[in-house]
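Comments concern the structure below.
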Amino acid sequence: MDQQIQPAHIADNPKDRHWTPDAIALLGKVPDKSIVETFGIPHGQVFKKRTALGIPAQQKKREPNHKWKPEHVALLGTAPDPLIAKQVGVSTVVVRVKRRAMKIPRFPDPKTAPAVIPHHLIEQFNKLTDGEIAKLIGYSQATVSKHRRKLGITTTRLQGTLPEEANSLLGTTTDTELAQRYGVSVQCVNKRRHALGIARMAGPERPPITDEIIARLGKRSDKDIALEVGLRPTEVRAARIKLGIARYIPRDLPEEAISLLGKQPDGAIAKRFGVSATTIANVRNKHGVKAFRQKGQR
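In our numbering, the protein residues as written are 62 to 359.
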């Protein structure tokens, strides 16, 4: 039998056929993941090729030490870290590290804290969707939408389009549930329901406004009364306004708190003295003090 002649050149490994000069040139200059996504090379092969060539992985650039200005330090803990980070111009991690180093507690959990939306974002209500604003401040979209409607501000942008098949479900469940099911905004569902003349789903029967509740109106905040009697603050407020009873304004706000009006956000003062941001705003308006605004804001 004739002896089989071995080829003089062994073909390249098929795994190496992906490695163009451009791909090799990027090793260590960009994350391995970028090469994987750009050239379609498995991550394991990228790692093996880079280490075989003695090329170290790209090192993440450390964020330069931020020089904290007094006015920026004063913001820590007065709003969610992501929002403070956006205002100061650094990452959320930098804000969190600084806040913890100064032993400043984080902003209360949005699920339990009252909505405190900075004035410069309130001005964006008709430019950004409620969902976009919610992501900036850490509240749910429903909370932002409720706050916007309370201020009487309409939105010009809706997220998504509700499919026709959802029309039969309108009014049989909450707008929020339908919005989540079809991946659209609550405003989108609300607008379709109103356009078709469909009433919202009836909620549980609410307690009546009794003489005992009426006797409390104007003597305590609407929110406090609502919590005590099992009503919504809006229901208590509506009953108070209908009866011509003025809203409750505490008379014992400390002088220290009054001295801070307009110098710090209403929410920060409210948190410090254990009252609602609405209370602070009412007292501030009574004293003729304009709301606090960051430098550069209109």
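Each residue gets a CB set at the ideal place from its N, CA and C atoms; glycine is no exception.
Taking 9 Å as the cut-off, the beta carbon of residue 329 is found no closer than this to the beta carbon of residue 342. Residue pairing for residue 99: DSSP places it in no beta bridge. For residue 346, the uninterrupted alpha helix (DSSP H) segment begins and ends at 338-347.
Between residue 202 and residue 247, the beta carbon gap of about 6 Å places them in contact (Cβ cut-off 8 Å).
Around the Cβ of residue 96, a 10 Å sphere holds 16 or more other Cβ atoms; the residue is buried.
Shown here, residue 233 sits in coil according to DSSP, grouped into three states, outside any helix or strand. Restricting attention to 182, 164, 162 and 224, the CA atom closest to the CA of residue 208 is found in 182.
Beta-bridge partners of residue 281 (DSSP): 278. By the Cβ neighbour-count rule, residue 310 is exposed, with fewer than 16 other Cβ atoms within 10 Å of its own. Going by DSSP, residue 315 is part of no alpha helix (DSSP H) at all; its letter is neither H nor E. Looking only at 276, 271, 298 and 275, the smallest Cα-Cα distance to residue 284 is reached by 298.
Taking the Cα positions, residue 239 is about 46 Å away from residue 315.
The shortest C-alpha to C-alpha distance from residue 231 to any of 338, 213, 258 and 85 is the one to 258. DSSP places residue 294 in the uninterrupted alpha helix (DSSP H) bounded by 294-303.
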